[in-house]
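Chains as they are written, first to last, in the working numbering: chain L, 4 to 437; chain P, 4 to 437; chain E, 4 to 437; chain R, 4 to 437.
We treat Cβ as the ideally placed atom computed from N, Cα and C, and that holds for glycine.
Inspection log for the structure reproduced underneath, given as structure tokens.
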């Protein structure tokens, strides 16, 4: 976890305080359930709630763990210091450490998912607003970095919206998948604990009981969760790369907002660098790098080995904190992004008129010219534009074969931009609904 | 694609013949739609169907591509050789190569998904059958590779069933996500083609029109698809590792079926090696290795660059063919797997009675012994079993403090195995339904 | 292996014919050594060489393997068909399959390394030639995609040269690391075979005996090998990205060579797309994706498990074939790349004079202006150039404070380009030697 | 960075204090060099050393960065607070932020490499000691988890030694590769700074000047560095997996040292779990997951983009800290590991005598039996041992065909263990030298 790439709300989910709080709730609710089943005395269950408002002392727990070398036992020992060791003696009865650890981890991941879902919703709102704003802002579409045909800036925002909307659905699925708990004992047989304890604890924590667990909750759930984060991070990179391209000196169709106090470079004061989106590109690499380790965690030995734990101690916080930060940063970038519509227009004329070549090609074929001949006609004129930056329309008007096929008016008609934007409303309706 | 790790049905999806067949259908259906809209003459659309039963000549298309260096143009040229170049002149009109390539790729991925779904269903059937068969077959559950408490072999199969059932759901989601097509032109604006052409083609091919495409279908869909394959591969490894552990000489609780003609090793004829599941472990690594490249494909430049293409030419076939093979191989392993119930029983007695120690611990606390004292009582007797392989029950019966706390009958009661299996039915109901 | 991304020489290393040829040589040389040690009769060793010029029948070996399910036994059976089963009966004596398989794999990887080394040498030659050619070709250097200060195209080629030269050294190290063989028996103890057999076979095949092997050669060697390929692939991407940027419409400082028959796009005939370097970008992702599976292969169980095998059957050929193809393709791109020096010059004037701002800043500080003031002076003039594309030099000449600090001549002096290229010779000497 | 998986010395390399200290030294040495060249006044260079013993105030620098949004400027501003802003005004002259940042990063990585090299040396010492100690400790070698032939525990330690020794060499190469610095200005042309400044600073910091840099040091160096860490991590996993297998209940040939205060599990007090090596398995996944992000960092745009920075801020510390911790932990495990020689012996007799079957096979062929017949003879007897756990030797002695071929004494001779260990000295000499 890198402080500069972190936001407090997500960080707090992963604090020791939060973790111990969740552990406490699991144990306390489990005691309630056991008391209701008559397995432990009601007063002992009630006694546990004495610690309800306690902020657990992380340093003290660490101190105990240094001796016991076992985190859950250290916590339980500390809990007994608050509740009284006599009263606390039924706490955790019939449970195994992983019942607490795994259920708590999934509570944390579920809460993290809630923040990420809210992040995505915020990003979607920003993307939608900018899409509407620039629905009709003409710019050139590019394939291979090369000018192709006109499109609009609104369509660019709209496709990022659609992509992030898919990510929102994926994130919701991932949240649903990870929202399970297990209180099933040492090998998952409920030998020493009634399944109704699990049901009660899960219900209180907003989880579904894991249908079948071993000592642990199966890690394919976590793998799917982190894989989803990896996909979302890759989409963030997708948007970031677009912004970085737009901001490069020769293109300059857009730019990250540049606050006045900010210095772009110690040496070149005029430089407005797309540092936020470059940063997002790097953050995407980080989150992606956590996907395979999460997948390697799936194949645990028999009813569990603990190899997954160190991986999750790192990627649990790191992936969610980094992605939360990245989504928030991207939302800010989109929200305040500068759009240079004049440059969009002048860029389209880098090779004047050439972006209309496909349309001319089509018009020629439709006018009865063979595909090969039409291709040749367009190509010979296009190459002149390419080499001498002359105007494509004028070249065509001076090309007898083209004029013979299309007529002068027919040629002129191919350069009407509205032709390219006529379906923008249709596409927006498909993306945003009517 | 490695022939020895391939099955013909999946391989055939990725053959050039299949690809050209799909291309053909896209073009032909697009002509129909354009004819219906009055954009091209009906007879030209009809003419295209003359090639309906043609097997396209891959070598001839390759030959043309060697000149044009463009695969779709090569195909269209060859198609014109069948349909007649005059009749074929409206084919592909207003479309861009990616309209064909991307829609075709998604048809292939969708068909691959259908096979993988069927594979998973087959695997689930095998797992369910074996789970039912061994529902009550007692074996020791292990955490950290160390004996913990009794469980049953049926529970092992049942948890793999539950995991693969989640994978089936993930695969269905992935199929749904990838089943889109796009016929939207050079930058996705439908400038030269009516959106109704896309709608018609997609409907005929069983796809949903991509709500907003550029020149290409957005690659987050493909990233999510391959990530799902990576999760499934990791689950395959999970099952494979269990089998490998069961088969190791000292454990020998199960084994891959061993056909008579098979030689285990050129040097050690008696060896029955778990080579199939070791192979599956390796195949899982391969499929996982394709996830990050698929994610790196998401951030294409502007309306597209073609960097994704080489990645997909390799991982499209390789990931689906490998996973199909792996699922089929695993199904065979599960189906015919040998289960050595006697060894399960003798393994449980490696340290006689020690697997009951947690239960004894619990009984002691319930009898009013403090957690720390109970722990100590169990530990001192357990260590003797550990060191001298004496019987745990007998140790306890000879330990005055334990007898004082539980009574002799109370001690005996802790060694009843039924205690550990009493919730197996409950768990089975949760996994398989009632 | 994708035929279109493959070259025959590298492909042939991985053919079954090549593999069986290497197996044959291992067995035959091993027989010689055993005969020399008096372990087997000399005539039997000599008899094996009867098959010296045989092209082994792959189909026949596959047929035998279908029965025996063991590839080495299948090969030995077939070999006996050539040599005579009586004469062949000492072949492979005391050896284990992996002695053959692993030694053969390393022969293949060593040969693949030789090709890759030659590829890198070819690429270095092309880079050096282009570097010399464009040593003094001025273009703007960019950080963050934003104009920074002048540099030369020769420096760009030179840094790719230096990077690829490091890769050459890495590749040589990787080759050295992988050039080991092992003939050490079932668990590496030489129980049934004299270490001198290993020494003889390795010497004949150009390998070093693995100092300590188990049944297999340790896989950290292979992991380091494939990791090296991943680094090289990433460097290829680095060069490819530069070319792609240079070719984008607004930049157009360079382009992949465009042959006349080639069609850039079915729809936009004028488009000269950087498809080769986009392809290289994708190929880099593929090779990188094979690094982690190779690393996961390191941790085999005890003296070996066979999980590495399926991984290597795929990535052995795929990584080397793909990288060989990519290096050759990149060499072609560099060799024939078009450089548009005029566009380099006009791009530098996108914001006239602004690339000199750092130098002006420095001149101001050196003239006694405080860092903060100098920054402010440069910034206010730079922003005007940024906004109105006016000439930076003229702005400065009209700024009284700047004139007061530097004098008019002092300002003019900052716009001398030679200032930026004065150390190019020094750098070239560091890269290419004197 | 996870505190529980960190060691202070490595952590301190990555502290802000260390970083600012290195930045300071770079700037101060650069001033010296510039003064020596007459570029800045000597007294200003000397003045910078006034801060020689200052502990920079991280909080204050962060405060300034919050305004300037630029870390190097913030540092320089703070430095001026110590040195005096008049005196400090030539600090950083002609340099660009990356000159400082990149050179400092490589200083950190070089120092981290030194620790890792020392770690590996410590691990090698432990492995060597245990190898010598157990040179002749017989245990069964296993392939596929199945008993193969006898080997010794010393050979196991020796092969880990050889593997880690290769890793030591790789780490030294990686250190050498990363030990470069660059003070070459905004685009690497030395326009505003003399190359002799770079030479001086590098010499003082123990670095080699980067032959050709842009704004940054090329990232293929870092990719190779982190790839090396990934290989080492995979070797750690290799050793860890061996220990985990040895410790599993049914095998129990070794165990991690178990301190008395440690509680193995909250529920099963007798359990001695291999938690350290399971932990190492997870840590290996983490380090491996950082390799591909480091490789993705290679392809920066033009003379640099800053996408690499966030990646390195995380993986720089995380990979080195994690690997340092893992190496130290593994050294402790090896150093104190319990070896259960009696269990090694009893495990070898799981299927009495069967581990000698390859040798019998060989003896039969050498006695003139055809390969196929010998195979059949061994197989039929081996299967009985497999099924009924009878003694292999006795089976053979009762098999007329075998007795006919080998004689009774000949059969007995095959069961001499010394046969398998006769080359241990040879192998040790190859690994450890004479």
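Integer-rounded CB distance, given that residue j should sit under 8 angstroms from residue i
| i | j | result |
| --- | --- | --- |
| residue 126 of chain E | residue 427 of chain E | In fact, because the Cβ distance is near 22 angstroms, the residues do not count as touching under 8 angstroms. |
| residue 94 of chain R | residue 108 of chain R | 20 angstroms between Cβ atoms; not a contact. |
7 angstroms Cβ cutoff met for residue i and residue j
| i | j | result |
| --- | --- | --- |
| residue 416 of chain E | residue 189 of chain R | no |
| residue 52 of chain R | residue 31 of chain R | yes |
| residue 218 of chain E | residue 312 of chain E | no |
| residue 278 of chain R | residue 325 of chain R | no |
| residue 103 of chain L | residue 75 of chain L | yes |
| residue 404 of chain E | residue 380 of chain E | yes |
| residue 243 of chain R | residue 284 of chain R | yes |
| residue 274 of chain R | residue 261 of chain R | no |
Three-state secondary structure (DSSP) of residue i
| i | result |
| --- | --- |
| residue 318 of chain P | helix |
| residue 153 of chain P | strand |
| residue 268 of chain R | Low per-residue confidence applies at residue 268 of chain R: pLDDT is 45, beneath 50, and the placement is therefore not dependable enough to give any value. |
| residue 309 of chain R | coil |
Residue-level contact to chain E via CB, residue i, 7 angstroms cutoff
| i | result |
| --- | --- |
| residue 47 of chain P | no |
| residue 204 of chain P | no |
7 angstroms Cβ cutoff, residue i in contact with chain L
| i | result |
| --- | --- |
| residue 298 of chain P | yes |
| residue 368 of chain E | no |
| residue 253 of chain E | yes |
Cβ neighbours of residue i in the same chain (closer than 8 angstroms, five flanking residues each side left out)
| i | result |
| --- | --- |
| residue 139 of chain P | 155, 157, 424, 427 |
| residue 307 of chain P | 101, 217, 218, 219 |
| residue 241 of chain E | 163, 166 |
| residue 318 of chain P | 229, 293, 296, 297 |
CB contact below 7 angstroms: residue i versus chain R
| i | result |
| --- | --- |
| residue 198 of chain E | yes |
| residue 241 of chain P | no |
| residue 144 of chain L | no |
Any C-beta of chain P under 7 angstroms from that of residue i
| i | result |
| --- | --- |
| residue 284 of chain E | yes |
| residue 327 of chain L | no |
| residue 411 of chain R | no |
| residue 429 of chain L | yes |
Own chain partners of residue i with C-beta closer than 7 angstroms, once the 5 adjacent residues on each side are dropped
| i | result |
| --- | --- |
| residue 327 of chain L | 10, 13, 118, 119, 122 |
| residue 350 of chain E | 143, 254, 256 |
Beta-carbon contacts of residue i that lie in its chain and below 6 angstroms, excluding the five residues immediately before and after
| i | result |
| --- | --- |
| residue 226 of chain P | 297, 298, 301 |
| residue 362 of chain E | 417 |
| residue 173 of chain L | 231 |
| residue 110 of chain R | 25, 208 |
Proximity test, Cβ basis, 7 angstroms: residue i and chain B
| i | result |
| --- | --- |
| residue 313 of chain E | The displayed structure is made up of protein chains L, P, E and R, and chain B is not among them. |
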